[in-house]
Structures are given as C-alpha cells and as structure tokens.
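In full-length UniProt numbering, the protein residues as written are 9 to 414.
Even glycine gets a Cβ: it sits at the ideal position worked out from N, Cα and C.
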Ligand code: PMP
C-alpha cells in the first residue's frame with residue numbers, strides 16, 4: 009500500500025497545529041485521549057444546528073431526524089464491531105460504565121467461591137467493578153500474572169482457569185505496556201469451560217478493528233474519546249441472549265415498556281440498558297469518527313504506527329539510563345519508560361516545557377506498577393497522526409532532560 013500522507017492527515021486535526029509553551033505541540037498522550045478530526049466536530053455541530061430534539065418520542069420532524077441520526081450511529085458501531093444486530097449495541101458513558109454495567113448484570117449469577125479472572129495488567133476500570141460485585145456476592149477476583157516482558161503468562165492463565173471460574177475479564181490491549189493480548193485464544197479456552205468473557209477494548213479500537221463474531225466474546229467495551237470521537241460516550245457490545253438474561257443497570261425513562269405501581273416491565277434491547285436521555289450528539293460524533301477511520305487506509309495506518317514504535321525503540325539507547333517497561337512481541341505504539349535518577353512526573357513537566365505532551369503516573373493500573381516495583385512510569389502513546397520527526401523530538405527532549413537533571 010502507498011505510504012501515509014501524514015501531513016495531509018494532520019490538517020484534519022486542527023488542535024495539533026498550535027504552539028504550547030512557545031513550541032509546536034507534540035501530542036503523545038493519545039492513550040489517555042485522542043484528538044478529534046474536523047469530520048467529528050462538523051457532525052456534532054451540524055447535529056445541534058439542524059436536527060436536535062429528544063430521541064424516540066416520534067411526535068415531530070426534528071425528533072425523527074435526531075432519532076435517525078442517533079440510531080444510524082448505532083448501526084455504524086454495529087458494522088465497526090461486526091456485531092450481528094443493533095440490539096447488541098448498548099450506549100454507555102464509556103468503557104468504565106460499560107464494565108460496571110456487565111459486572112452488575114452478571115452479579116445474580118455469582119455465588120460464594122466463584123472466581124472472576126482478570127489480569128495484573130488491567131486498568132482499574134476492569135478491576136474495581138469486579139471487586140465491588142465480588143464483595144456483594146462472595147465471589148473472588150483472581151489475577152493472571154505476567155511475564156517480565158509484560159505479556160500474559162499463558163501457563164498461569166491455564167492454571168487459574170478452572171471449574172470455579174465464572175468470568176474472564178481482560179484487556180485487549182494494555183494502556184501501560186501496549187501489549188496486545190491473544191484474546192481469541194483466551195476466549196476460546198474460557199468458552200470451552202462455559203466462562204463468560206468480557207473484553208476491555210479501550211486501547212484496541214484506536215489501532216485496529218475488533219470483529220466480535222470472529223472473537224466470539226460475550227462482551228466487548230470501548231470508549232469513543234480514545235478512538236478520535238467525543239468524550240461522554242462509549243459502547244458495550246453484548247451477545248443478545250446474555251443481555252436478555254441480565255437485569256437492567258439503571259431505572260428511569262426509556263428503559264421501560266410499561267410502568268405501574270403494581271408491576272413495571274422492561275423495554276426491549278438495547279433500550280433496556282439505556283435509562284434517561286442519551287448522549288445523542290456524542291453518539292453522532294462517534295459514528296462520524298468511525299466513518300472517518302473507514303475512509304482511511306487501515307493497513308497504511310497500522311504500518312505508520314509500527315514505524316513510529318520502531319523508531320522510538322531504536323532511539324532508547326541514545327538516552328542514558330532509559331529503560332522500557334513492556335517489551336511484548338505484539339504491541340500497539342505505546343512506550344512506557346523510566347530514566348535512572350528522574351521521577352516520572354518531572355519527566356512529564358520538563359517535556360511539557362518543550363511543548364511535548366506525555367502522561368506520567370500509575371495510569372490507573374496500580375497492581376501493574378507493583379509488579380514492576382515502580383511508583384509510576386512516563387508514557388508516550390502515539391496515534392497515526394504523529395510523525396517520525398515528533399519521535400525524534402521526544403528523544404531529543406529526553407536526552408536534554410537526562411543531561412541536565414539526572
Ligand atoms: N480500560 C483501559 C485499558 C483504558 O485505557 C481506559 C482509559 N484509560 C479505560 C478502561 C477507561 O476508559 P474510560 O475512562 O473512557 O471509561
């Protein structure tokens with residue numbers, strides 16, 4: 009495929025062409041949240057200017073337009089995930105709410121001594137909701153340990169997976185390490201034992217397209233804001249039969265079929281899980297983000313991202329005392345690191361003075377920080393709109409900081 013014209017792509021993201029602290033912005037915090045193309049901004053603007061009203065009320069033309077745009081976005085998400093039906097696509101506030109929804113929905117199936125298998129590399133969003141449900145039900149949250157490289161220890165996984173396991177909840181991609189977990193294999197082995205599988209796709213969808221039918225997972229969660237869409241919306245994909253069997257998450261308007269003081273019944277899927285007025289413009293924005301990505305050459309994007317990571321890896325040796333945390337064989341372009349003699353938060357502050365944005369801290373993955381015995385890491389996370397020159401600038405910045413402060 010043809011090489012990516014990154015400079016042309018960057019013009020789609022107006023926020024990137026600004027100065028920060030007197031320097032051209034180098035935005036390398038995409039793992040925390042990605043920037044938005046004009047196509048997303050325009051879709052949301054147009055929605056509010058031309059079609060906003062509440063959805064699913066059916067009383068007037070604007071309401072019909074808003075409903076069509078909102079449900080159209082749901083169909084776009086269904087296509088993106090290759091789900092069988094839009095009944096399986098639930099809007100949430102993001103990955104966090106999606107996982108809380110599943111954890112609550114599965115609670116009635118959990119008994120004393122049941123096990124919920126997670127991994128040590130999980131984001132807190134895929135640990136804490138399970139701990140809360142475990143607290144209520146007497147189930148236990150059990151971690152799968154890792155190798156030093158930051159891959160799942162597959163032997164440990166097979167030892168942990170057993171007759172007590174009810175749920176496997178695992179990240180498709182680690183937000184700290186960049187590791188791409190072999191989820192298809194994990195799901196197949198778990199499903200063979202009747203274990204319900206929940207995939208946290210928050211860090212996967214900015215880089216590639218998951219196929220939920222090919223993966224055969226029961227649930228798949230992601231956030232719009234990490235895949236170039238707006239904040240405030242995300243998705244829970246769930247297999248229809250499981251969603252049907254789950255109790256609603258929140259009560260209110262929209263999620264009911266009929267309410268009386270004697271007996272209230274639930275709406276059909278997906279509305280059973282969507283109490284209250286939804287984030288309509290945000291759904292439209294996410295649909296526009298997916299449409300935008302669909303117009304790009306995904307293979308070329310992936311190749312460009314691989315080149316960014318390769319360049320970064322090649323430059324590590326130019327910074328004395330720099331060490332990468334997470335050297336899995338299959339990775340998205342995420343680089344967590346430490347530099348001897350420097351605190352991660354100082355690295356972040358000193359880079360910011362040079363216009364370079366990275367993230368530092370525990371990255372909502374404290375059990376993983378414990379594993380590597382670090383208080384936190386510095387993390388540069390790349391998107392397809394980053395350039396090789398920006399990678400060079402990051403390392404020039406790190407060399408300067410190391411020379412002056414380490
Ligand atoms: N899981 C992973 C792997 C993440 O990286 C994040 C965001 N940092 C989340 C879950 C939570 O996503 P959100 O804050 O959008 O709900």
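Review point. Cβ-heavy atom distance between residue 189 and the ligand PMP below 8 Å?
Key: Residue numbering aside, residue 189 sits at position 181 when the chain shown is read from its first letter. Checking every heavy atom of the ligand PMP against the Cβ of residue 189, none is found closer than 8 Å.
Practice item. Determine the contact status of residue 52 and residue 238, defining contact as a CB-CB distance below 9 Å. Key: Taking the first residue of the chain shown as position 1, residue 52 is located at position 44. Taking the first residue of the chain shown as position 1, residue 238 is located at position 230. Closer than 9 Å, so yes.
Review point. Leaving out the 5 sequence neighbours to the left and right, which residues in its chain are closer than 8 Å to residue 70 when beta-carbon positions are compared?
Key: On the chain shown, residue 70 is found 62 positions in, with the first residue counted as 1. Once the five neighbours on either side are set aside, the close Cβ partners of residue 70 are 59, 60, 61.
**Study point:** Identity of the residue in 357, 344, 255, 339 nearest residue 333 by Cα
**Key:** Working through the chain shown from its first residue, we reach residue 333 at position 325. Of 357, 344, 255, 339, the residue nearest in Cα terms is 344.
Practice item. Flag this pair as yes or no: are the beta carbons of residue 357 and residue 385 separated by less than 9 Å? Key: Within the chain shown, the letter at position 349 stands for residue 357. Within the chain shown, the letter at position 377 stands for residue 385. Contact: no.
Review point. Does the stretch 374-392 come close enough to the stretch 283-300 to have 3 or more Cβ pairs within less than 8 Å?
Key: no
Review point. Under a Cβ-count criterion, where at least 16 other Cβ atoms within 10 Å of its own Cβ denotes burial, should residue 180 be classed as buried or exposed?
Key: Counting from 1 along the chain shown, the entry for residue 180 is found at position 172. The residue is buried, with at least 16 neighbouring Cβ atoms inside 10 Å.
Exercise for review: For residue 127, count neighbouring Cβ atoms within 10 angstroms of its own Cβ and tell me buried if that reaches 16, exposed if not.
Suggested key: The sequence position of residue 127 within the chain shown is 119, counting from 1. It is buried - the Cβ of residue 127 has at least 16 other Cβ atoms within 10 Å.
Check your understanding: Any idea what DSSP makes of residue 404, helix, strand or coil?
Key -> To locate residue 404, count along the chain shown from 1; it is residue 396. Residue state, collapsed to three classes: helix.
Exercise for review: Determine the extent of the beta strand (DSSP E) in which residue 331 is found, giving its start and end residues.
Suggested key: Here residue 331 is taken as the residue at index 323 of the chain shown, counted from 1. From DSSP, the beta strand (DSSP E) with residue 331 extends over 330-333.
Exercise for review: Within 10 angstroms of the Cβ of residue 103, are there 16 or more other Cβ atoms? Answer buried if so, exposed if not.
Suggested key: The residue labelled residue 103 in the question sits at position 95 within the chain shown. Its Cβ being crowded by 16 or more others within 10 Å, residue 103 is buried.
Practice item. State yes or no: is the C-beta of residue 210 nearer than 8 Å to some heavy atom of the ligand PMP? Key: As a first step, residue 210 must be located in the chain shown, where it is residue number 202. Because some heavy atom of the ligand PMP lies under 8 Å away, the Cβ of residue 210 counts as near it: yes.
Exercise for review: Give the single residue among 108, 325, 73 whose Cα lies nearest to the Cα of residue 469.
Suggested key: The question about residue 469 has no answer, for the chain in this structure spans 9 to 414.
Practice item. Determine the extent of the beta strand (DSSP E) in which residue 230 is found, giving its start and end residues. Key: Taking the first residue of the chain shown as position 1, residue 230 is located at position 222. Looking at the DSSP string, the run of the beta strand (DSSP E) that includes residue 230 is 227-231.
**Study point:** Cutoff 9 Å: residue 205 Cβ touching any chain D Cβ
**Key:** This model lacks chain D altogether, as it is built from one protein chain only.
Exercise for review: For residue 29, count neighbouring C-beta atoms within 10 Å of its own C-beta (all shown protein chains included) and say buried if the count is 16 or more, exposed if not.
Suggested key: For the purposes of this step, residue 29 is taken as the residue at position 21 of the chain shown. Burial call: exposed.
Practice item. Compute the minimum distance between the beta carbon of residue 131 and the heavy atoms of the ligand PMP, and state whether it is under 8 Å. Key: Taking the first residue of the chain shown as 1, we reach residue 131 at position 123. Correct: residue 131 has its Cβ closer than 8 Å to the ligand PMP.
Point to revise | Identity of the residue in 245, 250, 189, 274 nearest residue 259 by Cα | key: Counted from its first residue, the chain shown places residue 259 at position 251. Minimum Cα distance to residue 259 is reached at 274.
Exercise for review: For residue 154, write down the residues that DSSP places opposite it in a beta bridge.
Suggested key: Within the chain shown, the letter at position 146 stands for residue 154. DSSP lists 160 as partners of residue 154.
Review point. In the structure shown, what three-state DSSP assignment does residue 148 receive?
Key: Mapped onto the chain shown, residue 148 falls at position 140. In the structure shown, residue 148 sits in a strand (DSSP, three-state: E or B).
Point to revise | Exposed unless 16 or more other CB atoms sit within 10 angstroms - verdict on residue 269 | key: Taking the chain shown and counting its residues from 1, the one referred to as residue 269 is at position 261. Residue 269 comes out exposed.
Review point. How long is the line joining the alpha carbons of residue 100 and residue 281, rounded to whole angstroms?
Key: Stepping through the chain shown from its first residue, residue 100 is reached at position 92. Stepping through the chain shown from its first residue, residue 281 is reached at position 273. Between residue 100 and residue 281, the C-alpha separation is close to 9 Å.
**Study point:** Span separating the alpha-carbon of residue 195 from that of residue 141
**Key:** Here residue 195 corresponds to residue number 187 of the chain shown, with the count starting at 1. Here residue 141 corresponds to residue number 133 of the chain shown, with the count starting at 1. Distance between the alpha carbons of residue 195 and residue 141: 22 Å.
Review point. Beta carbon of residue 336, beta carbon of residue 366: below 9 Å?
Key: The residue labelled residue 336 in the question sits at position 328 within the chain shown. The residue labelled residue 366 in the question sits at position 358 within the chain shown. In this structure, residue 366 does not lie closer than 9 Å to residue 336 by Cβ.
Practice item. Return helix, strand or coil for residue 110, following the three-state DSSP convention. Key: Taking the chain shown and counting its residues from 1, one reaches residue 110 at position 102. Correct three-state label for residue 110: helix.
Practice item. Measure the C-alpha to C-alpha separation of residue 411 and residue 402 and round it to an integer number of angstroms. Key: As a working mapping, residue 411 is identified with position 403 in the chain shown. As a working mapping, residue 402 is identified with position 394 in the chain shown. Using only the alpha carbons, I get a separation of about 14 Å.
Check your understanding: Exposed or buried, which one is residue 267 when buried takes at least 16 other CB atoms within 10 Å?
Key -> The sequence position of residue 267 within the chain shown is 259, counting from 1. When all chains shown are included, residue 267 counts as exposed.
Review point. Under three-state DSSP, which class holds residue 194?
Key: Position 186 of the chain shown holds residue 194. Here residue 194 sits in helix by DSSP.
**Study point:** Integer-rounded CB distance, given that residue 106 should sit under 8 Å from residue 244
**Key:** Counting from 1 along the chain shown, the entry for residue 244 is found at position 236. Counting from 1 along the chain shown, the entry for residue 106 is found at position 98. The Cβ separation is near 4 Å, so the contact holds.
Point to revise | CB of residue 327 within 9 Å of CB of residue 406, strictly | key: Within the chain shown, numbered from 1, the residue matching residue 327 stands at position 319. Within the chain shown, numbered from 1, the residue matching residue 406 stands at position 398. Contact: yes.
Review point. Contact between the stretch 131-145 and the stretch 186-202: three or more CB pairs below 8 Å?
Key: no
Point to revise | Continuous beta strand (DSSP E) stretch holding residue 345: start and end | key: For this step, residue 345 is matched to residue 337 along the chain shown. Residue 345 -> beta strand (DSSP E) spans 342-347.
Review point. For the ligand PMP, is there a heavy atom less than 8 Å away from the beta-carbon of residue 101?
Key: Here residue 101 refers to the residue found at position 93 when the chain shown is read from its first residue. Under cutoff, so the answer is yes.
**Study point:** Test item: CB-CB of residue 214 and residue 234 under 9 Å
**Key:** Working through the chain shown from its first residue, we reach residue 214 at position 206. Working through the chain shown from its first residue, we reach residue 234 at position 226. Closer than 9 Å, so yes.
**Study point:** Contact check, residue 211 vs residue 186, beta carbons under 9 Å
**Key:** Counting from 1 along the chain shown, the entry for residue 211 is found at position 203. Counting from 1 along the chain shown, the entry for residue 186 is found at position 178. Their beta carbons are under 9 Å apart, which means residue 211 touches residue 186 by this criterion.
Exercise for review: Taking residue 226 as the reference, give the member of 65, 89, 308, 310 with the closest Cα.
Suggested key: Residue 226 sits at position 218 when you count from the first residue of the chain shown. The residue with the shortest Cα to Cα distance from residue 226 is 89.
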